[in-house]
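Residue 29 is where the sequence shown starts when you use our numbering, and the numbers rise one by one after that. Every residue gets a Cβ at the ideal spot worked out from N, C-alpha and C, and that includes glycine. These numbers were taken from a predicted model, which means no experiment stands behind them. Inspection log for the structure reproduced underneath, given as C-alpha cells.
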Amino acid sequence: MLPKVEFEVNEPLNKFCHISVLYSDRLPDELAKGMLGNKAYQAKHTNLRTDENLERLRHAGIISPTAWYSTARTLIRTKSLDEAIASLKPGRPIGQILNIMKQDVHGYDDIWASTKPRLEEYKQRFVEEWSPISSQVLSRLSLLTKEDWTTTNDILVNFVDCLNGGFAWTDSVAVYPFPDMDVEKKFLAHELSELMTPTSTVIRILADAGLDESISHTVVDMIAFFSVKDFVKNLDRKGIKPNPSYYPMANTLFPLLEGYSKDPGAYPNLESFLKGMVPLLEQYALP
Ligand SMILES: [Zn+2]
Numbered sequence: 029m030l031p032k033v034e035f036e037v038n039e040p041l042n043k044f045c046h047i048s049v050l051y052s053d054r055l056p057d058e059l060a061k062g063m064l065g066n067k068a069y070q071a072k073h074t075n076l077r078t079d080e081n082l083e084r085l086r087h088a089g090i091i092s093p094t095a096w097y098s099t100a101r102t103l104i105r106t107k108s109l110d111e112a113i114a115s116l117k118p119g120r121p122i123g124q125i126l127n128i129m130k131q132d133v134h135g136y137d138d139i140w141a142s143t144k145p146r147l148e149e150y151k152q153r154f155v156e157e158w159s160p161i162s163s164q165v166l167s168r169l170s171l172l173t174k175e176d177w178t179t180t181n182d183i184l185v186n187f188v189d190c191l192n193g194g195f196a197w198t199d200s201v202a203v204y205p206f207p208d209m210d211v212e213k214k215f216l217a218h219e220l221s222e223l224m225t226p227t228s229t230v231i232r233i234l235a236d237a238g239l240d241e242s243i244s245h246t247v248v249d250m251i252a253f254f255s256v257k258d259f260v261k262n263l264d265r266k267g268i269k270p271n272p273s274y275y276p277m278a279n280t281l282f283p284l285l286e287g288y289s290k291d292p293g294a295y296p297n298l299e300s301f302l303k304g305m306v307p308l309l310e311q312y313a314l315p
C-alpha cells in the first residue's frame, strides 16, 4: 500500500522556521549551516531579532537536531502551537522557541500576510504537477530501495519559504517552493527518498570499507533522481541530476545507479548492490 501525499500551508510551522532561521546562530551547526542557513532571509529580517529573544535562547540550553525535527513534525501533524507545547516535557530547550512563538513575534504578521497567499498559490500549481505522478514516484522509490512504505499515515508535505532546502521526518516533509516545477519534483523526491533509503545500512557498508559516510547522502539523491527522472522535461537543468559539487562521488556512482535502476531485480536486496559498488568507490577514493 502506498501512502497518500497531501500538501499544506501551515502558519505555526512557517513561524517556527522563521524564528529558527532568524536565530540560527543559537542552534547547532547541523541545522544552522544547512537548512536554517538562509543568509538572504536572515539579512532581510535581521532587524526583527531582539536582545530579549537572544537572551532566552542563550539560557535555553542546547537544542538537539532531533528535538528540532520532532517539534517541527508535531507542528505539521497538529497545526497547533498549544498542542506542540503540551506535548513537550517542561524545561526542554526547544520549548524556548515555542515560548517565543507564543508571544507576539515582532513583525511576523506582516510577513505571513504576504507569504500565505504566495504559498497557497504555489501549492495549487504544484499539486497539479505532482498528483498524476505521485503513486509512480512512490512505487519507484519502493522498488529501488527494496523497502515497503510502512507509514500508515498520509505523508504531509508543507511549503516553507524561509528554509534553505527542506527536511523529512517520519511521515512529514517541509520543502522550499522552488520556482521551477521540475526542480521541485526532484527536490520532493529527495525528501521522500530520505524517508525510504535505509541510511544506516548504507553508512555501515561505507564505514566497513573505510569510505566517507557522507556518500550515503549521494545514494539518497541518486535514488530520488532515478525515481523521478521520467517525469521531468529537462534532465540537464540545474537541480535535477545529483550535483557532484554537493554530493560526494556523484559522477562515480551515477552509471552504477543508472544500471541498477534499469534492473533492480538483478539484486536480491539493496545491500548486495551497494556492496558491489564498494570496489569502484575504493578505487576512486584513493588519495
Ligand atoms: Zn537530504
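Of the other Cβ atoms in all chains shown, fewer than 16 fall within 10 Å of the Cβ of P118; this residue is therefore exposed. Secondary structure note for L285: its alpha helix (DSSP H) is the uninterrupted segment 278-290. Going by beta carbons, V165 and A235 fall outside the 7 Å limit. Contact fails between the segment 147-157 and the segment 106-118, because fewer than three Cβ pairs, one in each stretch, are under 8 Å apart. With a cut-off of 6 Å, the C-beta of E80 is classified as distant from ligand 1, since no heavy atom of the ligand falls inside that distance. Counting only runs of 4 or more residues that sit fully inside the segment 179-224, the alpha helix (DSSP H) segments are 209-224, in chain order. Under DSSP, F35 forms a beta bridge with V185.
Contact between T173 and I251 holds, with the beta-carbon distance rounding to 6 Å and staying under 8 Å. Restricting attention to D210, L308, N279, the CA atom closest to the CA of N262 is found in D210. In this structure, M63 sits near N192, with a CB-CB distance shorter than 7 Å.
Around the C-beta of Q124, 16 or more other C-beta atoms lie within 10 Å, and the residue is accordingly described as buried. When DSSP states are grouped into helix, strand and coil, D138 belongs to the helix group.
With contacts defined by Cβ atoms closer than 7 Å, Y51 and L103 do not form a contacting pair. In this structure, DSSP gives G304 a helical state, which the three-state scheme calls helix.
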